[in-house]
Ligand SMILES: [Zn+2]
Ligand SMILES: [Zn+2]
């Protein structure tokens, strides 16, 4: 059965997907689980530009869809993607305590100097940029309460080949230790298959490292913002992801 733990619908400022249409499409395509993870971006320059989704309306909108599709065999999860959680922690903690989300995805979109690495990159990736990026992920993984670490390596989506990142191995190892000890899933993000990078994230050697360290908990995310991206390239996901050695978050009935 197919699953997608990372999708954006009409309550995210940058998505054109309608949750109802998505659910119909997912059912047609044989999915057993989809998680909608609307953006919660609380950094001041994001708030002033995009505002916040109407989360109460989002939750009210999803509940009837969940009840409608559950008997048909499709589980719809009410999720949220908390951007740069570690930088807005007390505000985000308060906010999340008020709302009933079933899955919290944590992700890093900005370097410490404010550069957005989730959009086409404006300058060549420097060694210290990637190091800074992974350090942000480490702070997030060690300090915040969430279920899935999203799109590790998002800063590479607009590159055409794998950059040397062995200098970050120590930090990446520490991220994985934190994920494993805190029971946080590592996301296999395949949005990068439709970008210049053309391979899944994180890079293979990082996935191997996580598994060698004993990591077994994963999630699968297309990170779709357009309905035509949903299910695209799903067949290219590695078969080990669906083997008995792997646990997929929320996959148990
Ligand atoms: Zn993101
Ligand atoms: Zn996302």
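In my numbering, the protein residues as written are 223 to 475.
Glycine included, C-beta positions come from ideal geometry on N, C-alpha and C.
Since the structure is predicted, the reported quantities are computational estimates derived from the model, not experimental observations.
Three-state secondary structure (DSSP) of residue i
i, result
"residue 301", "strand"
"residue 403", "helix"
"residue 432", "helix"
"residue 290", "helix"
"residue 365", "helix"
"residue 354", "helix"
"residue 239", "coil"
"residue 260", "strand"
"residue 464", "helix"
"residue 280", "helix"
"residue 410", "strand"
Nearest neighbour of residue i, chosen from the options [CA to CA]
i, options, result
"residue 236", "266, 355, 273", "273"
"residue 359", "334, 342, 348", "334"
"residue 264", "451, 317, 370", "317"
"residue 382", "357, 416, 368, 354", "416"
"residue 339", "380, 243, 370", "380"
"residue 370", "442, 230, 249", "442"
"residue 348", "390, 366, 313", "390"
"residue 434", "395, 449, 455, 447", "395"
Rounded C-alpha distance that separates residue i from residue j
i, j, result
"residue 400", "residue 330", "16 Å"
"residue 245", "residue 466", "27 Å"
"residue 425", "residue 251", "28 Å"
"residue 388", "residue 421", "18 Å"
"residue 372", "residue 313", "20 Å"
"residue 355", "residue 332", "8 Å"
"residue 319", "residue 285", "18 Å"
Supposed close pair residue i, residue j - CB separation, criterion 8 Å
i, j, result
"residue 393", "residue 364", "That belief does not hold up - the Cβ atoms of residue 393 and residue 364 are roughly 11 Å apart, past 8 Å."
"residue 405", "residue 439", "7 Å"
"residue 437", "residue 402", "5 Å"
"residue 283", "residue 261", "Going by Cβ atoms, the distance from residue 283 to residue 261 rounds to 15 Å, so no, they are not a contact pair."
"residue 241", "residue 287", "6 Å"
"residue 304", "residue 398", "20 Å between Cβ atoms; not a contact."
Own chain, CB closer than 6 Å to residue i, minus 5 neighbours either side, in chain order
i, result
"residue 378", "419"
7 Å CB neighbourhood of residue i in its chain, flanking five on each side removed
i, result
"residue 276", "233"
"residue 366", "307, 308, 311, 328"
"residue 453", "251"
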